[in-house]
Each structure stands twice: as structure tokens, then as C-alpha cells.
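Residues in the sequence shown are numbered from 1 upward in steps of one, following full-length UniProt numbering. C-beta: ideal position from N, C-alpha, C; glycine also. The structure displayed is predicted, hence computed values, not measured ones.
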Amino acid sequence: MACSAAAGAAPDGAMIFSDLCAACHSETRLGGTGPALIPESLGRLKGEKLQAVIAKGRPMTQMPGFAQTLSASEIAAVADYVSAPLAKAPVWGVAEIEATRSLRDDYTPATAPVFMADPMNVTLAVETGDSHISVLDGDTFAVLDRFETPFAVHGGPKFSPDGRYVFVMSRDGWVQKYDIWSLHEVGRVRAGLNSRNIAMSHDGKWLAVANYLPRTLTILSTDDLSVAKVIEVAGRDGTPSRVAAVYQAPERQSFVLALKDVPEIWEVATNPVAGPFYDGFVHSHEADMKEALGTEEGLFARRRIDVSAPLDDFFFDPDYRNLIGANREGETGVVVNLDVGREIATLPLPGMPHLGSGISWMRDGRRVMAVPHLNEGRISIIDMTDWSLVKLVETSGPGFFLRSHDGTPYLWADVFTGPHKGEMHLIDKKTLEVIKVITPEPGKTVAHTEFTKDGSRALVSIWEDDGAVIVFDTKTQTELMRLPMRKPSGKYNVWNKITFEDGTSH
Ligand code: DHE
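If you want it as C-alpha cells, here you go:
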């Protein structure tokens, strides 16, 4: 029993937290050496699942189990305490962010890669099981380095345009910079308290961090991770909003973000003077442009675009004229033309589409896009010229990630949940038929595919604590090797990411 709980009294979750948890997670619950314990960070970890983590701890981390120290009702009281929203929204502005910024004093930038492998074919494998990233030689699959990341990395790491540096973000808002040439961390900073994803500017100078908590977009200098700007995110009527996600729109020289709580998309200029961001208004009246920009101008000028409902998730066509977005509760998606700044079409997209995982390719001279659905076993294929539904491809369960590559005729689609979570579907990009289902480890979750630079190899995760990354030959779909890893999630090939290879995610 916790020393502070009086015998007979109902357990006091706050007091137990202070006694046993605050040293690692901090009195504020915003995280210290351990992650933040607030509803925004815990996400779906609640109730019995959360109590089980408190009782048993987390293997391979500093989190011990408290089953011997606390009774079941005390564990439940702590779980309730950390699941309750914070009484007051915490302040996390420039000063607080800057106070967390640390650059490694043992880092000296190499003048050339410190390894023999092709730096353009390096592939990173995120291992969420013990918060590490393995840096792989994309030809031999030798592990060049394995470095520690902040806890709970989410979303794709973002590379500098030359592929030398990579930036990684955790759900607790930590951004880490790593030098691939030197195989060394450069530094880290906490840009938000609960964050969604990051985006790199077209010129590699700025990194935008989309936050849920606080309601802000943080823009960092990629050079030294210092804060360039913290933009308060609120709708026209002043309602504060979480940022659903932010992406780079290289053709427009801007960041594009969707607001989760108000029906607006924002575009933020990453070009200080003019360029495509402003040229995008060519089809607008001057009055529309003034209205959208207000008094904003120059670097990080913000333009508001109204949409009919807040967007959870979105995707772009290759020239970044159109944004395809969806509210996951709704039945339809929308196409927003970013030049004219308004919705131009709707799409039939019921069943929680996961547009963040969408990919597109050319099929019979027309560009099509594919989107998985988070709650049903089908993939929507949409014609991006007239926005019609080409086909619904049936799979054996709800999928999370889709990937392909110019060097392969197939789309690799996983099934992330349910009895078929071990199946990877290969779909012909021309006929749109499932040509094969691979089950490399029956009963284990098999998810997320990345390709090597030339598309000849596919890397697939066995998404388990004692998991692996399996390397397949994409021509024969045969397994070539297995690299043991701790709950590997996403894999990211430098070349595919910096060239925006058709078939890769953002
Ligand atoms: Fe993700 C990417 C949103 C849950 C693993 N996920 C993304 C992106 C978005 C997103 C917007 C694109 C960001 C980017 O790469 O810049 N994810 C969401 C959700 O809204 C959702 C459903 C609920 C949530 O809790 O946020 C969600 N995601 C998950 C998971 O539960 C996953 C499977 C495990 C985890 O690590 O949290 C997960 N998401 C990923 C991964 C990517 C990702 C590995 C990058 C894929 C890529 O190929 O780029």
C-alpha cells in the first residue's frame, strides 16, 4: 500500500501520483524522464489497459510495475487521476520551448559519410518497442547505427532536402535532429506538449510542428532547433483549435495544415517575399486575397481557407493544387482547390478513411489515388482527374498503411486489426485486383512497407515486441532475410522520401 494512503480512506490518486510517479513524470504530469501522463498523450490507453501498465510496468523501459506496492483500488485511483484533463491549460511558449533545447556537445559534423553504404539508400526503421531507430544500409541491410529516440515516436521522420539530416517527433512533442552522415544525434527540443506530426519547408530551413497541446503550430529553425515562431491556432471567431496535421507543399513553398476543431485550412508561407504561395491567388479577386491574408505578409504569412467541416486527415495531388481531406466521422471527403481557396468536389469516402496513408500513381494515363479505411476492410481507388470512385478493393480487414514504388507493379496494403492482422495484400496497380496475400508470421501483426531506392526490395514490419523487419524481393515476393527488431513501426528510405517517390507517404 502507498505510504500516503490513510487506512480505510478511499485512495487518493493525486497523492499516490506525487509519491510514486512524479519523480519521472513530473508533478505537472507533463513528463520528465518518463512520458507525459495526460489524456492527450494517453490516447486510447485508459481504464483496465492503463491499470495493467501501472501494475505490470513496461518491459524494456524504466517503467516498473506497482502490483507489489499498490492495491488494485490504488492503481485504479492513479489511473483515474492521470486520465483526467489538466485543471489549467499549460503555458508552452517560446521561453518554455527554448528552455528544453539541448544540442549535443559530443557532436562534431563529419565532412563525408562515416560509412561506405550509399547515403541515398539508407533506410531508417523506427523501433517503438524500446524507443530506438535502426539506421540500415539499404543494399546489405547491415545496421549502421541504432540510436535512442524520445518515447512514442509518431508519423514519418522528415529529411533535409539533401538527405543528410533527419528530424523525428514524439507524441510528447519532442523533436530530435540526427545527422545521418555522422551517425550521431545533433540535439533535441520539446516543441509542444502533445504533438501530431512535423513538416520540413521546401528549402530545408524550417520545421513545422503540429500541436494538439497547446493549440499552436511551432516553427523551428532546422539549423539549431531554435524557435522561429509559435503561431497561436484559432479560427476566425477566436475558437482555439488543435492542428490535425501539417504538411510541406513544396510546389507552393508553403506549409499546409488542417484545424481539427474549426472548419479551416491554413497555408503558411515558407518563402519570405513572393513565389507560389502568393501566385496561388491568381484566380482570386484581390478582395478575397486581402480577406484570406488579413495583415499577414512575408515569411510565415498565414492564409485562411474555409471548409464545410473540420478535417481530420488529408492528402494532396502531386502539384499541390488540390487538397483531398476528410472528417473521419463523415461519409464524404472533399477536394479543396488551394489556388482558388474553396471546395470544388466531394468524394464518397465513408468508413474512416486514412488519407494520411494515401498514395497515388499513374494508371492508363490518369492519376489515381488509393486510401485505406480504419474501420473496414476495403481500399478506395479514386480518379484524381474527375474525382470519381474507380473501385473499392476488398481486403480481409481494416488496413492502416499503403505503400508502393515506381519499381514495382504492386501496392502493398496491410490489415492492421482483427483476425487477419498478419496478412499483407499485394494489389496490381493496373488491374486493381489482389494478386497475392502474404502471411509471413501467422497470428502476428504485419504492417507498413517501405521500399529500397530502386524498388527491388520491400521492408515489412512484424509489429510485435519481439518483432522483425522482413526483407522481400519485390519481383518474386519471396523472403530474403529477417532483421530482429523491437516492435518496428515505420521504415523510411532517404531517396524515396526526398524525391517524393510515387507510392511513398508524405
Ligand atoms: Fe498515425 C502517420 C494520424 C494512430 C503509426 N498518422 C500518421 C500521419 C497522421 C497520423 C496524420 C501522417 C503524419 C506524417 O507522417 O507526417 N495516427 C493518426 C491518427 O489520427 C491515429 C488514427 C490516431 C492517433 O492516435 O493519433 C493514428 N498511427 C496511429 C497508431 O496507432 C500507429 C499505428 C502506432 C503509433 O505509433 O502511434 C500509428 N502513423 C503511424 C506511422 C506513421 C503515421 C508509423 C508514418 C507512416 C508513413 O509511412 O509515413
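Output the distance between the C-alpha atoms of Gly351 and Met116, rounded to the nearest integer angstrom. Between the alpha carbons of Gly351 and Met116 lies a distance of about 47 Å.
Can you tell me which of Glu464, Thr449, Asp466, Leu480 puts its alpha carbon nearest to the alpha carbon of Tyr492? Thr449
Determine the direct distance from the alpha carbon of Leu45 to that of Ala77, and round the result to whole angstroms. Cα to Cα, the separation comes out at about 15 Å.
Inter-stretch contact at 8 Å, needing at least 3 Cβ pairs: the segment 169-181 / the segment 106-122: Contact holds: three or more Cβ-Cβ distances are below 8 Å.
Mind reading off the beta-carbon distance from Gly65 to Pro119? Whole number of angstroms is fine, and I expect it under 8 Å. With a Cβ gap of about 42 Å, Gly65 and Pro119 do not count as contacting.
Given a threshold of 16 other Cβ atoms within 10 Å of its Cβ, counted over all protein chains shown, does Val282 qualify as buried or as exposed? With a pLDDT of 49 at Val282, under the threshold of 50, the modelled position of that residue is not reliable, and the figure given next carries that caveat. The residue in question, Val282, is exposed, as its Cβ has fewer than 16 Cβ neighbours within 10 Å.
For His420, the nearest candidate out of Trp412, Lys436, Gly443 (CA to CA): Answer by Cα proximity: Gly443.
So Thr239 and Val268 are supposed to be a Cβ contact under 8 Å. How far apart are they, rounded? About 19 Å separates the two Cβ atoms, so there is no contact after all.
Distance between Leu311 and Glu98 (C-alpha atoms, nearest Å): 31 Å
Collapsed DSSP secondary structure at Glu96 in the structure displayed: Secondary structure of Glu96 (DSSP, three-state): helix.
Please state the DSSP three-state secondary structure of Leu42. helix
Rounded separation between Val437 and Gly418 - CA only: 16 Å
Could you tell me the alpha carbon to alpha carbon distance between Arg196 and Val243, rounded to whole angstroms? 8 Å
Which whole-angstrom value describes the C-beta separation of Asp172 and Ser41, a residue pair presumed to lie in contact below a C-beta threshold of 8 Å? Contact check for Asp172 and Ser41: beta-carbon distance about 6 Å, within the 8 Å limit, so the pair qualifies.
Limits of the unbroken beta strand (DSSP E) element including Met362: Residues 359-363.
For Ile219, which beta-bridge partners are listed by DSSP? Ala208, Lys229
With DSSP as the reference, label Val282 as helix, strand or coil. The pLDDT assigned to Val282 is 49, lower than 50, so where the model puts this residue is not dependable; a value taken from the coordinates is nonetheless given after this. Helix at Val282.
Exposed unless 16 or more other CB atoms sit within 10 angstroms - verdict on Val400: Reading the sequence as shown, one finds Phe at residue 400 and not Val. With 16 or more other Cβ atoms from the protein chains shown falling within 10 Å of its own Cβ, Phe400 counts as buried.
In chain order, which continuous runs of the beta strand (DSSP E) of length 3 or greater are located wholly inside the segment 121-208? Runs of the beta strand (DSSP E) lying entirely within the segment 121-208, each at least 3 residues long, are 123-127, 132-136, 143-148, 165-169, 174-179, 184-190, 194-200 in chain order.
Could you tell me the boundaries of the beta strand (DSSP E) in which Glu74 lies? Taken as a continuous stretch (DSSP letters only), Glu74 belongs to no beta strand (DSSP E), being part of the alpha helix (DSSP H) at 72-83.
Kindly list the residues whose CB is nearer than 7 Å to the CB of Asp306, restricted to its own chain and excluding five residues on each side of it in sequence; keep chain order. Pro263, Glu264
Give the straight-line distance between the Cα atoms of Lys158 and Ser71, rounded to the nearest whole angstrom. 44 Å
Whole angstroms is fine: what's the gap from Glu423's alpha carbon to Thr478's? 15 Å
Return the residue from the list Arg366, Thr218, Pro488, Met369 that minimises the CA-CA distance to Ala199. With distances taken between Cα atoms, Ala199 lies closest to Thr218.
Only counting the same chain, and skipping five residues up and downstream in sequence, which positions put a Cβ closer than 7 Å to that of Gly31? His25, Asp172
In three-state DSSP terms, what is Asn493? strand
For Lys497 and Pro39, what's the separation of their Cα atoms in angstroms? 32 Å
Would you give the residue range spanned by the alpha helix (DSSP H) that Met15 belongs to? 13-16
Selection from Leu323, Thr270, Glu329 that minimises the alpha carbon distance to Glu297: Nearest to Glu297 by alpha-carbon distance, out of Leu323, Thr270, Glu329, is Thr270.
Between residue 516 and Leu207, what straight-line distance do the alpha-carbon atoms span, to the nearest angstrom? Because the chain here runs from 1 to 506, residue 516 falls outside it and cannot be looked at.
From what residue to what residue does the alpha helix (DSSP H) around Lys391 run? Note, Lys391: premise wrong, no alpha helix (DSSP H); beta strand (DSSP E) at 389-394.
Range covered by the beta strand (DSSP E) that runs through residue 532: As displayed, the chain neither begins before 1 nor continues past 506, which places residue 532 out of reach and without an answer.
Any non-hydrogen atom of ligand 1 within 8 Å of Gly490 CB: yes
By Cβ distance, which residues of its chain are closer than 7 Å to Leu213, with the 5 residues on each side in sequence left out? Glu40, Gly192, Leu193, Asn194
Should Ile381 and Leu389 be called a contact, given that it needs their Cβ atoms to be closer than 9 Å? yes
Opposite Val336 in the DSSP bridges: which residues? Leu323, Glu343
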